[in-house]
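Comments concern the structure below.
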Amino acid sequence: MKRIVMAALALCAAALPAMAQPQGTPIRLVVGFPPGGGIDLLTRVLGTELQARLNRPVVVENRAGAGGNLAAEIVARAPPDGSVLGSIPAGPLVINRHIYRTMQFDPLADFTPISRFAAIPVVILAANDFPPRNIAELAEWLRAGRPAACGTPGAGTTQHLADMLLLRALGNLDCTIVHYRGTGPALPDLLNGRIQVYTDTVVTGLPPTRDGRARALAIASRTRSSLAPDVPTVAETIPGFEAETWLALMGPKGMAEDLAARLEAAAIAIARDPAVVAKLRELASEAVGSTRAELAQTIRDQDAMWGPVARAAGVTAD
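Per this note's numbering, the very first residue in the sequence shown carries number 57; after that it's consecutive.
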């Protein structure tokens, strides 16, 4: 009798859905920034959702260093079997090769683009006592030769290059660029009027505008952001202008078509899930869910866009 019961239990267990617990060797989802930061938190949302949809454990692996290059190199050198994936932001894919003297991977050739997961808009802030109220008035101010100090969270960041791109688009205007070590030391200087303009991501840039400590001149996305729908875009003054950072799911080059397609479908489904969209909004980001072809085109286009800007800025890193 005992054998019959045990056999019946075994049959029942075999009939349970395979999705009950993730199975197989864990996928390493490598991210190039420390735990707790914005990119890491977005990566953990992505990892949790991939695990649920692929029915395979996903382990987030933080490998910070060299502006995200270290993690990207790990992914580029991994076997193309899906065991190692990258949660890689724009920097290592479209900016860093124009800044770093040496790179151990080619962002245009050494990856299989899968899907752009999230976009993190860039916002241009102004001190409350700074007269210009929008991008057109900022251009008039600078064109007249009036002084303005424009802060960034660091040389070579997307925010810094967005400033340079904007000044070029406005007719090669000049602004005194002041680099800080992140938003922490920069924001007090903006609020106290030591700098007049500061370019940041919406993650840390929008809060001081919501309590009236600073003003948002514009969002640098192509269209208005759902995170700040009342803030105009730079593109409303300069058609086609776009400068934002983003996070993409990437694999090593040479991945099989069916594997890449499965990962792409999972990533798109994740980005379209209303619960995920809400989570990303809480992290001041917007879900994207691009196709592989769209991501590959984005990488090519933005690599071509940022290259001349980075070279003109004269920023280099080892």
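Just so it is clear, CB atoms sit at the ideal spot from N, CA and C, and this is done for glycine as well. Please read these numbers as outputs of a predicted model, since none were measured by experiment.
- One alpha carbon belongs to residue 299, the other to residue 230, and they sit about 19 angstroms apart.
- In the DSSP assignment, residue 298 falls outside any alpha helix (DSSP H), carrying neither H nor E.
- With a cutoff of 8 angstroms on beta-carbon distance, residue 167 and residue 335 are scored as not near each other.
- With 16 or more other Cβ atoms from the protein chains shown falling within 10 Å of its own Cβ, residue 178 counts as buried.
- Annotated as proximal: residue 342 and residue 175, with beta-carbon spacing under 8 angstroms.
- One Cα belongs to residue 312, the other to residue 170, and the distance between them is close to 12 angstroms.
- Residue 239 is a Cβ neighbour of residue 256, given a cutoff of 8 angstroms.
- If you look at residue 347, you'll find it isn't in any alpha helix (DSSP H); DSSP assigns it neither H nor E.
- Burial is judged here by how many other beta carbons sit within 10 angstroms of a residue's own beta carbon; residue 369 has at least 16 and is buried.
- In the three-state reduction of the DSSP assignment, residue 145 falls in the strand class.
- Beta-bridge analysis with DSSP links residue 275 to 179 and 289.
- Of all C-beta pairs linking the region 201 to 217 to the region 246 to 262, three or more are shorter than 8 angstroms, placing the two stretches in contact.
- Unbroken beta strand (DSSP E) runs of no fewer than 3 residues, entirely contained in the region 104 to 147, are found at 114 to 118 and 140 to 145, following chain order.
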